[in-house]
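Each remark here refers to the structure printed beneath this line.
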Amino acid sequence: MCSVIDYPAHLHIDLDETHRGMKLGPKLLDALCAHLREEGVPGIELGVSTDNQGAIRFYERYGFTKLKENKNEITMGLKLICSLYERQ
Ligand SMILES: CC(C)(COP(=O)(O)OP(=O)(O)OC[C@H]1O[C@@H](n2cnc3c(N)ncnc32)[C@H](O)[C@@H]1OP(=O)(O)O)[C@@H](O)C(=O)NCCC(=O)NCCS
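Numbering (our numbering), first residue to last: 1 to 88.
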């Protein structure tokens, strides 16, 4: 179950067309996630259109998982800070 307590940060990325496919997305995510971890933010979520299979693959490769899905949109989330229980 997705909750704003687990995933309080929300993400949008829209690289200019001339800069897609150059692995800038992972670098931006690395910088954002590092900053959020420093601030103690436990997780981040986003909405992606079900039509946007390239972006869904991109987020899955990065470690995002599907939290919920409807006909048009998938909500995906990434935990930034694992609890001791989850690490075992
Ligand atoms: C999705 C996005 C953030 C990925 O960042 P990136 O730096 O392009 O990432 P990568 O270089 O690792 O490429 C990842 C995916 O982007 C897509 N992509 C790559 N080059 C692309 C291009 N020229 N045009 C459109 N999409 C492209 C591909 O689907 C690729 O995945 P695949 O190799 O499995 O097909 C970026 O392509 C983007 O901003 N796209 C347009 C907006 C968008 O879809 N945002 C996400 C909405 S939630």
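All C-beta atoms in this analysis are idealised placements derived from N, C-alpha and C, irrespective of residue type, glycine included.
Short check: CB of residue i to CB of residue j, under 8 Å?
i, j, result
"residue 67", "residue 42", "no"
"residue 9", "residue 44", "yes"
"residue 73", "residue 49", "yes"
"residue 65", "residue 77", "yes"
"residue 15", "residue 29", "no"
"residue 47", "residue 75", "yes"
Report whether the distance from the Cβ of residue i to the nearest heavy atom of ligand 1 is below 7 Å.
i, result
"residue 23", "yes"
"residue 73", "no"
"residue 14", "yes"
For residue i and chain B, any beta-carbon pair shorter than 8 Å?
i, result
"residue 51", "Absent from the structure is chain B; it holds one protein chain and no more."
Rank the options by C-alpha distance to the C-alpha of residue i and give the top, closest one.
i, options, result
"residue 33", "11, 47, 17", "11"
Just checking my contact of residue i with residue j at CB under 8 Å: how many whole Å lie between their CB atoms?
i, j, result
"residue 26", "residue 59", "Incorrect: roughly 10 Å between the Cβ atoms, too far for contact."
(request) Taking only runs that begin and end inside the segment 31 to 64, name each unbroken beta strand (DSSP E) of 3 or more residues, in chain order. (result) 43 to 49
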